[in-house]
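In UniProt numbering, the protein residues as written are 1 to 256.
Ideal Cβ placement from N, Cα and C applies to all residues, glycine included.
Values in this document were obtained by computation on a predicted structure and should not be read as measured data.
Report on the structure given below.
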């Protein structure tokens, strides 16, 4: 690390379980952020300013005025731009050393698999079930750690799936079937600081994974009630009829 980097990240380097090695690990990590809305814009900001070396930002949407209360990375002059282009522009002003790759289309099929394969850590910051299901399956197939969050109304949730270490449970054990409308803040509303808070937590979990320091729990669902200001946890178990991980587990046993 050069003198400028030592000065920039000095507060992180003071942490005994982080130190220079943790910062070097961040610089060598590639994080994929899927969705640059309320969750992703916050998560990407903290990952960039903390020194993650490479960000892949994927979102097919354009910035609208109704996004601005929650998506504080952006400004009014960027309305109409693709969110990933607007995010890359702002991140470059915050930390020019971070390499930012942008994908201005929704990830699915082979493109999703190829993009997930490039990443060391994946953040699911999308707002619909179909995308979440596809991301879960891609991360599971490629053994990539997944940090998933959601927020709606006054509530939020966060869960990590360490598919590089463990295979079950998975996201579909938690939500085997759910409509996109049930997960959309466009239909149900959202309090801006709640979604921001969950985006911060996603960045925190990703930083622990990327730096190699700190404990990250697999398959523990954390639920936040913003109205009450309270958290609770529950440990997930595998659904024996899960159409994603139960099939994969049975195939692994047959091949062992």
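Tell me which same chain residues have a C-beta within less than 8 Å of the C-beta of residue 136, skipping the five on either side of it? 124, 146, 148, 161, 170, 171, 172 and 244
Within the chosen definition, does the segment 69-80 reach the segment 218-238 through at least 3 CB pairs nearer than 8 Å? no
CA nearest to the CA of residue 223, picked from 207, 215, 201 and 93: 201
Can you look up residue 124 in the DSSP assignment and give me helix, strand or coil? strand
Have a look at residue 239 and residue 74 and give me their C-alpha separation to the nearest angstrom. 40 Å
Taking the C-alpha atoms as reference points, what is the distance between residue 257 and residue 197? Residue 257 is absent from the model: the chain starts at 1 and stops at 256.
Taking the alpha carbon of residue 129 as the reference point, which residue from 175, 103 and 216 has its own alpha carbon closest? 175
Beta-carbon contacts of residue 113 that lie in its chain and below 8 Å, excluding the five residues immediately before and after: 138, 141 and 142
From residue 68 to residue 5, what does the alpha carbon distance come to, in whole angstroms? 32 Å
Can you tell me the Cα-Cα spacing of residue 38 and residue 63, whole angstroms? 11 Å
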